[in-house]
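Written out below as structure tokens is the structure these notes cover.
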Amino acid sequence: MGGLQHGLEMNLEIIYYTLMGIGLYLVSDWILDRIEVSRGARFKNRSIIFFAIILVLAFISFNFTKFVLLAGG
Numbered sequence: 007m008g009g010l011q012h013g014l015e016m017n018l019e020i021i022y023y024t025l026m027g028i029g030l031y032l033v034s035d036w037i038l039d040r041i042e043v044s045r046g047a048r049f050k051n052r053s054i055i056f057f058a059i060i061l062v063l064a065f066i067s068f069n070f071t072k073f074v075l076l077a078g079g
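Per the numbering used here: the sequence shown = residues 7 to 79.
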């Protein structure tokens, strides 16, 4: 029975990280858009700035999620 429980936990973890990835993409795009609107123009290297934003948010949120999942189980 322990193997089945472990499999369910792994599936939930995959779902958590997938949903977080989608959320990170949307939030990063929104942040970049807000910066560009306040600046009044699009960035020339928009994809690099987007990557930097999503990278920082991913490090923060994935480490926080790993901490919460390990603390809970």
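Heads up, the beta-carbon is just placed ideally off N, CA and C, and yes, glycines get one too.
Secondary structure at residue 51: coil, using DSSP grouped into helix, strand and coil. The three-state secondary structure of residue 29, taken from DSSP, is helix.
Taking a cut-off of 8 Å on C-beta distances, the segment 54-68 touches the segment 20-34, as three or more cross pairs fall below it. Note that the C-beta distance between residue 60 and residue 30 is below 8 Å.
Here the alpha carbon of residue 40 sits roughly 16 Å from the alpha carbon of residue 51.
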